[in-house]
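Enquirer: With the first letter of the sequence shown counted as 1, position 26 gets the number 26 in the UniProt record's numbering; the numbers rise by one all the way through. All C-beta atoms in this analysis are idealised placements derived from N, C-alpha and C, irrespective of residue type, glycine included. This structure is in structure tokens; I'll ask about it shortly.
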Amino acid sequence: MSIVLSTIKKDPVITAYIQQADEHLGAIGYTEHGFRHAGLVSSISQNILLRLGFPERQAELAAIAGYLHDIGNLINRHDHGRSGAIMALHYLMEKGFDPGEAAVIAGAIGNHEEECGEAVNNVAAALILADKSDVHRSRVRNVDVATFDIHDRVNYAAIHSFLNVNDEKRSLTLELTIENNICPVMEYFEIFLVRMMMCRRAAAFLGCQFKIEINGNSIL
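This is the structure in structure tokens:
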């Protein structure tokens, strides 16, 4: 059965999962992981595979994986990729999803965390790139700049982020505009270097090169 993202978005079960998971993260001081993040990661994941010439259905699976990837935060932030994968697999199979497609999505969700994940399939690679590319001021919940931690500063400093997919050059470039007076570039790399290396491997899995441009300067 070919279930599409638009159907999943209307499901009150998934809506409740995402909303509650985001509330749990907000309670412990994490940046936004709600509908904005889920929708953006979904869209970017799909766009990556479409722009690189992969099949439309595979891109749709990436969109679904992107939308569901953080539901494991409902259980706990720790190992949320693996718990989210199990939740997603159970949900998709209950809805009559094709087992092979459900397995691809679960594998992608279970491998999106930098602590223990790798690009195990094309959907996983796209999800990793999309998820780690969402760095933006709008994700910061803390309204008191004086009490920002490094994660708040890095996200708040990013006033523009865009993952540029170039099929002809087989490159994926994360283009960032950062206000250096809020967060120097070095702080960005202090917390995101491991994620960027994960993106490099994910891009290579798709036959591409991963690059970063910060304020118009090539960094990686």
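#1: So if DSSP puts Ile-48 in a beta bridge, which residue, or which two residues, is it bridged to?
#2: To the nearest angstrom, how far is it from the Cα of Ile-3 to the Cα of Leu-89?
#3: Check this for me: beta carbons of Asn-111 and Ala-124, under 7 Å apart or not?
#4: Taking only runs that begin and end inside the region 51-128, name each unbroken alpha helix (DSSP H) of 4 or more residues, in chain order.
#5: Taking the alpha-carbon of Glu-115 as reference, which of Tyr-17, Ser-138, Met-198 and Tyr-188 has the nearest alpha-carbon?
#6: With burial defined as no fewer than 16 other Cβ atoms inside 10 Å of the residue's Cβ, what is the status of Asp-70: buried or exposed?
#7: State the Cα-Cα distance for the pair Tyr-156 and Leu-176, rounded to the nearest angstrom.
#8: Give every residue of the same chain whose Cβ lies closer than 8 Å to the Cβ of residue 221, excluding the five residues on either side of it in the sequence, and list them in chain order.
#9: Alpha carbon to alpha carbon, what distance is there between Leu-61 and Asp-79?
#10: What residues in its chain sit with their C-beta under 6 Å from that of Ile-28, if we drop five residues either side in the sequence?
#11: In whole angstroms, what is the alpha-carbon distance linking Leu-220 and Gly-107?
#12: Please check the pair Ser-45 and Ala-63, which I expect to be a contact at CB under 8 Å, by giving their CB distance rounded to whole angstroms.
#13: According to the neighbour-count rule (16 or more other Cβ atoms, all chains shown, within 10 Å of its Cβ), is Ser-133 buried or exposed?
#14: Pick out whichever of Phe-192, Asn-180, His-37 and Ile-14 has its Cα sitting closest to the Cα of Val-140.
#15: Does the distance between the C-beta of Phe-54 and the nearest non-hydrogen atom of the ligand SAH fall short of 6 Å?
#16: Curious, which full-length beta strand (DSSP E) runs of at least 3 residues does the region 148-200 contain?
#17: Considering Glu-23, what are the terminal residues of the alpha helix (DSSP H) in which it resides?
#18: Within the continuous beta strand (DSSP E) that includes Ile-214, where are the two ends?
#19: When you compare each of Ile-212, Thr-147 and Pro-184 to Val-165 by their alpha carbons, which one comes out closest?
Expert: Let me spell this out:
#1: By 1-based counting over the sequence shown, the position of residue 48 is 48. DSSP lists no partner for Ile-48.
#2: Taking the first residue of the sequence shown as position 1, residue 3 is located at position 3. Taking the first residue of the sequence shown as position 1, residue 89 is located at position 89. Approximately 13 Å between the Cα atoms of the pair.
#3: By 1-based counting over the sequence shown, the position of residue 111 is 111. By 1-based counting over the sequence shown, the position of residue 124 is 124. If you check the CB distance, Asn-111 and Ala-124 come in under 7 Å.
#4: You should have 56-68, 80-94 and 99-109.
#5: Residue 115 sits at position 115 when you count from the first residue of the sequence shown. Minimum Cα distance to Glu-115 is reached at Met-198.
#6: For the purposes of this step, residue 70 is taken as residue 70 along the sequence shown, with counting starting at 1. Taking a 10 Å sphere around the C-beta of Asp-70, we find 16 or more other C-beta atoms and assign the residue as buried.
#7: The residue labelled residue 156 in the question sits at position 156 within the sequence shown. The residue labelled residue 176 in the question sits at position 176 within the sequence shown. Taking the straight line joining both Cα atoms gives about 12 Å.
#8: Within the shown structure, residues of the chain are numbered from 1 to 220, placing residue 221 beyond reach of any answer.
#9: Walking along the sequence shown from the start, residue 79 turns up at place 79. Walking along the sequence shown from the start, residue 61 turns up at place 61. Here the alpha carbon of Asp-79 sits roughly 22 Å from the alpha carbon of Leu-61.
#10: Position 28 of the sequence shown, counted from the start, is the residue given in the question as residue 28. In the same chain as Ile-28, and ignoring 5 residues on each side of it, no C-beta atom comes closer than 6 Å to its own.
#11: Taking the first residue of the sequence shown as 1, we reach residue 220 at position 220. Taking the first residue of the sequence shown as 1, we reach residue 107 at position 107. Rounded to the nearest angstrom, the two C-alpha atoms are 28 Å apart.
#12: Position 45 of the sequence shown, counted from the first residue, corresponds to residue 45. Position 63 of the sequence shown, counted from the first residue, corresponds to residue 63. Yes, they are in contact, since the Cβ atoms of Ser-45 and Ala-63 sit about 6 Å apart, within 8 Å.
#13: By 1-based counting over the sequence shown, the position of residue 133 is 133. Looking at its Cβ environment, which holds 16 or more other Cβ atoms inside 10 Å, Ser-133 is buried.
#14: As a working mapping, residue 140 is identified with position 140 in the sequence shown. Closest in C-alpha terms to Val-140, from the list Phe-192, Asn-180, His-37 and Ile-14, comes His-37.
#15: In the structure on display, the ligand SAH does not appear, and there are no ligands present to speak of.
#16: Complete beta strand (DSSP E) runs here, min 3: 158-166 and 171-178.
#17: The sequence position of residue 23 within the sequence shown is 23, counting from 1. Per DSSP, the continuous alpha helix (DSSP H) segment holding Glu-23 begins and ends at 12-27.
#18: Taking the first residue of the sequence shown as 1, we reach residue 214 at position 214. For Ile-214, the uninterrupted beta strand (DSSP E) segment begins and ends at 209-214.
#19: Sequence index remark: in the sequence shown, residue 165 carries index 165 (1-based). Out of Ile-212, Thr-147 and Pro-184, the CA that lies nearest to the CA of Val-165 is found in Ile-212.
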